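What follows is a short report on a single structure.
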Amino acid sequence: MNLRPISPLRAPARLPRPLLAGIAATAVAAVVGVAAADTYTATFASPTLDRWNYPFNPTPGTRITASTFGNEPGAPEFDNRDGQFIVGFDTGAQVPAGLGASRYEVVSCVVEVTVANDFVIPYDPSVDPYTVFLAASNPERTEDEDPGQPIEIYGVGFRNGFSRANWVETSPFTVAGQNLLNPSVRNAYALGWRDGAWVDVSNSVRGRWTPEPFAVGTIDGLKPGDLVPIGTAIRFSLDVSRPEVQAYLREAVDAGRLRLSVTSLTLVAQQSGDFPVFYCRENPIVTATGVGAATLSMTVATSTCVAADLDCSGSVGAQDLAILLGAWGGGGPADLDGNGTVGASDLAVLLGAWGN
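Its first residue numbered -10, the sequence shown is counted upward by one per residue in the working numbering.
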């Protein structure tokens, strides 16, 4: 951040000493008083949006089911994770948004989706290496050690001008004129972490790597290899202990929009094969019964740092002062006295809390 001197604040010491003396004496107590931590338990019985994210979906955003599967091993067309299922939850009504990502700690985050086909897919709760999905003729290919392929959940990334803020369930799959058969063209894609950066995991087999999902789907009461009955809930308990997953969730909660992508590399042949199918929120069974759509339950704690600790580093210092000066005249977290505008009284509060 490049800070330029602002004439009224060129030397904070020039503020009238009686003003500072009057405010600073009680500043620490005032800051502590407005910094109470809260814990929010949010439960969503249905997503705000869901989308079968597949290039040949003729009804994006309104289709009643979504399926996940991989492309034909070794084929040059399509993403390796060809059929994806995006679910989105607008969380702001239950967890306040806009506090700054560092002010949140996601204690738990569980998503469930419901299977809409009967005894078709075997239950596999373990990640398979990418070598399982190579073409049969590839010497690097290995045999799958257990039946089936796991159903995994990732974040959602965007390209071609789309973002969490403007992508909706009816947005185009890709840009106009793009060949739908090409890999890596979808506007919204499954997002994972690799070598310290967020990447599109849709073509991990081509990239010769095995991504670590946010969670692998698990099913109560089934053993690995059992066929999955219709109506079964598949649970994703996101690994909030991983720094990158925690960071993704914090940013989503701060924005009030959590978007996740359910995927699998279920082995299929061109236009055939047995693969998982899930209910979407528009499904008549869901609308009639109120159950079957994707659900979300999460527990989120707001930060326990004092209000003047704007970067939540554990103490009030120079970086917090820089943040406050950068927000001068505006609003947001640096408005420490809550009057709607960052100004001299907020500066006095911050200086009074210095070092705490």
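We put the beta carbon where it would ideally sit given N, CA and C, even for glycine. Treat the numbers as computed from the prediction; the structure is a model and nothing was measured.
Please go through the same chain and pick out, in chain order, the residues whose beta-carbon is closer than 7 Å to the beta-carbon of residue i, but skip the five residues on each side of it.
{"i": "Gln167", "result": "Val174"}
{"i": "Ile312", "result": "Leu299, Asp300, Ala323"}
{"i": "Asn60", "result": "Glu66, Phe67, Asp68, Asn69, Asp71"}
{"i": "Leu339", "result": "Ala297, Val305, Asp309, Leu310, Leu313, Leu325"}
{"i": "Trp187", "result": "Gly146, Leu180"}
{"i": "Asp107", "result": "Pro218, Ile219"}
What residues in its chain sit with their C-beta under 8 Å from that of residue i, if we drop five residues either side in the sequence?
{"i": "Gly22", "result": "Annotation note: pLDDT 36 at Gly22 (below 50); position unreliable, no value reported."}
{"i": "Ala10", "result": "Confidence at Ala10 is low in this model, with a pLDDT of 40, below 50, so the placement of that residue is unreliable and no value is reported for it."}
{"i": "Gly303", "result": "Cys294"}
{"i": "Val116", "result": "Pro139, Glu141, Thr199, Glu201, Pro202, Val205"}
{"i": "Asp263", "result": "Val109, Ile110, Thr255, Val257"}
{"i": "Leu(-8)", "result": "Here the model assigns Leu(-8) a pLDDT of 35, short of 50, so the residue's position is not dependable and the matter cannot be decided."}
{"i": "Gly344", "result": "Ser304, Val305, Gly306"}
{"i": "Ala179", "result": "Arg70, Gln73, Tyr143, Gly144, Val145, Gly146, Asp189, Val190, Ser191, Ser250, Thr252"}
Ordered along the chain, which non-local residues of its own chain (more than five positions away) have a Cβ less than 6 Å from that of residue i?
{"i": "Ala222", "result": "Glu101, Thr103"}
{"i": "Val331", "result": "Ala316, Trp317, Gly319, Ala323, Asp324"}
{"i": "Asn328", "result": "none"}
{"i": "Val217", "result": "Val104, Ile110, Tyr112"}
Confirm, please, whether the CB-CB distance from residue j to residue i is below 9 Å.
{"i": "Leu285", "j": "Val99", "result": "yes"}
{"i": "Ala105", "j": "Ala244", "result": "no"}
{"i": "Pro49", "j": "Phe162", "result": "yes"}
{"i": "Val247", "j": "Thr80", "result": "One detail in the question is off: residue 247 reads as Leu in this sequence, not Val. Yes, they are a contact pair."}
{"i": "Ala64", "j": "Ala236", "result": "no"}
{"i": "Phe147", "j": "Asn192", "result": "no"}
{"i": "Val194", "j": "Leu123", "result": "yes"}
To the nearest whole angstrom, what separates the beta carbons of residue i and residue j, a pair I think is in contact under 8 Å?
{"i": "Ile142", "j": "Val251", "result": "5 Å"}
{"i": "Val289", "j": "Tyr29", "result": "5 Å"}
{"i": "Gly77", "j": "Pro118", "result": "Not quite, the Cβ-Cβ distance comes to about 30 Å (not below 8 Å), so this is no contact."}
{"i": "Ser292", "j": "Arg92", "result": "4 Å"}
{"i": "Leu211", "j": "Val95", "result": "Not really, about 28 Å apart at Cβ, beyond 8 Å."}
{"i": "Ala82", "j": "Val242", "result": "No, Ala82 and Val242 are not in contact; Cβ-Cβ is about 12 Å, not under 8 Å."}
Original post:
In the region 80 to 118, which residue ranges form an unbroken beta strand (DSSP E) of at least 3 residues, counting only runs that do not cross its ends?
Top reply: Counting only runs of 3 or more, we get 93 to 103.
Subject >> Segment contact flag, the region 71 to 88 with the region 23 to 43, C-beta cutoff 8 Å, min 3 pairs >> reply: Counting C-beta pairs closer than 8 Å gives three or more between the region 71 to 88 and the region 23 to 43, which meets the contact rule.
**OP:** May I ask you to verify whether the region 269 to 283 touches the region 124 to 135, counting CB pairs closer than 8 Å and requiring at least 3?
**Re:** Look at the beta carbons and you see the region 269 to 283 not touching the region 124 to 135: under three pairs across the two are nearer than 8 Å.
Original post:
Three or more beta-carbon pairs under 8 Å between the region 264 to 272 and the region 52 to 59, yes or no?
Top reply: Flag = yes, the region 264 to 272 and the region 52 to 59 touch.
Subject >> Every unbroken alpha helix (DSSP H) inside the region 261 to 308 [4 residues or more] >> reply: DSSP runs (the alpha helix (DSSP H)) wholly in the region 261 to 308: 273 to 278.
**OP:** Please specify which runs of the beta strand (DSSP E), each continuous and at least 3 residues long, are wholly inside the region 171 to 250, giving them in chain order.
**Re:** If only uninterrupted beta strand (DSSP E) runs of at least 3 residues are considered, those enclosed by the region 171 to 250 are 177 to 183, 186 to 189, 222 to 226.
Subject >> Whole beta strand (DSSP E) elements within the region 34 to 82, 3-residue minimum >> reply: Taking 3 residues as the minimum length, the beta strand (DSSP E) runs contained wholly in the region 34 to 82 are 38 to 42, 54 to 56, 70 to 79, in order along the chain.
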